[in-house]
Amino acid sequence: VFRSKLEFFASAKVSTSFPHPQLPEIAFAGRSNVGKSSLLNALTRQWGVVWTSDKPGFTQTINFFKLAEKLSLVDLPGYGFAYAKEEVKDAWEELVKEYVSTRSSLRRVCLLIDTKWGMKPRDHELIELMERSRKPYQIVLTKTDTISSIDVARRAMQIQENLKLSKSLVEPVMMVSSKSGAGIRSLRTVLASIARF
Ligand code: GDP
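64 is the number of the first residue of the sequence shown in full-length UniProt numbering; add one for each residue after it.
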């Protein structure tokens, strides 16, 4: 499915403009600068062609893409931008909460975490929201090329253990580097299994 043509099909600033849910959907979330656009580019190999996203913190929109008529990929606005104003934070929260809690076609949220920095309070908030809304999610550790492979493994284990104890809807942690390409194929395989046949 990741070989299919990628198409942008909708953009929403408010929940009333979410497109009609038709395809199984995978959403990508994470702090600004976590490597989300790079990952989407590595996964689809067409992202940059279809989309040149505006800079982090300013665009509070949810953008919808599809691969053939099989899978929808959703780019959630990045959060945790240091100089975002309170209003911007509130708007982000409302929009993402609405999306995660009401979206019936949402099959998985990939929560991107920078391997070097680990999880922050707002990442945990998002996890709580997904648990409350009963939406399956998965942690994707990004930029694994920036630290040693032992530290990457350690980080993955620490997160896996932490979440396993208290959370029910979490899928196994994946590790990727958009720069070296490590883990990209595995992630593609895992996500492709969500697509409509
Ligand atoms: P976004 O704000 O989450 O969309 O993040 P970007 O994809 O724009 O990446 C933010 C910064 O991290 C950019 O400077 C990228 O070049 C860098 N980056 C992204 N992915 C990787 C990676 O896998 N390895 C390394 N070393 N840097 C990365």
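By construction, the Cβ of each residue, glycine as well, lies at the ideal position given by its N, Cα and C atoms.
The model shown is predicted, which means the values in this text are computed figures rather than measured ones.
Buried or exposed (CB count within 10 angstroms, at least 16 for buried), residue i
{"i": "Leu86", "result": "buried"}
{"i": "Arg259", "result": "exposed"}
{"i": "Asp177", "result": "buried"}
{"i": "Leu228", "result": "exposed"}
{"i": "Ala148", "result": "A quick correction: the sequence has Lys, not Ala, at residue 148. When all chains shown are included, Lys148 counts as exposed."}
{"i": "Ile125", "result": "buried"}
{"i": "Gly181", "result": "exposed"}
{"i": "Lys76", "result": "exposed"}
{"i": "Pro184", "result": "exposed"}
{"i": "Gln123", "result": "buried"}
{"i": "Ile190", "result": "buried"}
{"i": "Ser212", "result": "exposed"}
{"i": "Gln221", "result": "exposed"}
6 Å Cβ shell around residue i - same chain, five flanking residues per side excluded
{"i": "Ser243", "result": "Asp208"}
{"i": "Gly111", "result": "Asn104"}
{"i": "Gln223", "result": "Val236"}
{"i": "Glu70", "result": "Lys129"}
{"i": "Val113", "result": "Leu69 and Phe71"}
{"i": "Ser164", "result": "Ser196"}
Same chain, Cβ closer than 7 Å to residue i, neighbours up to 5 away in sequence not counted
{"i": "Phe65", "result": "Leu106, Thr107, Leu130, Arg251 and Ala255"}
{"i": "Ser249", "result": "Met237"}
{"i": "Ala219", "result": "Leu204, Val236 and Met238"}
Close beta carbons around residue i, own chain, < 8 Å, minus the five adjacent residues each side
{"i": "Ser231", "result": "Glu194"}
{"i": "Gly246", "result": "Thr207, Met237, Met238, Val239 and Ser240"}
{"i": "Asp186", "result": "Gly93, Arg94, Leu174 and Ile176"}
{"i": "Lys68", "result": "Gln109, Leu130 and Ala131"}
{"i": "Ala73", "result": "Ser80, Phe81, Pro82, Asn126 and Phe127"}
Curious, which full-length beta strand (DSSP E) runs of at least 3 residues does the region 130 to 208 contain? 134 to 138, 169 to 177 and 200 to 205
Can you confirm whether the region 208 to 220 touches the region 156 to 174 when touching is taken to mean that 3 or more C-beta pairs between the two stretches lie within less than 8 Å? no
Below 8 Å, how does it come out for the region 91 to 105 and the region 132 to 146: are there three or more Cβ pairs, yes or no? yes
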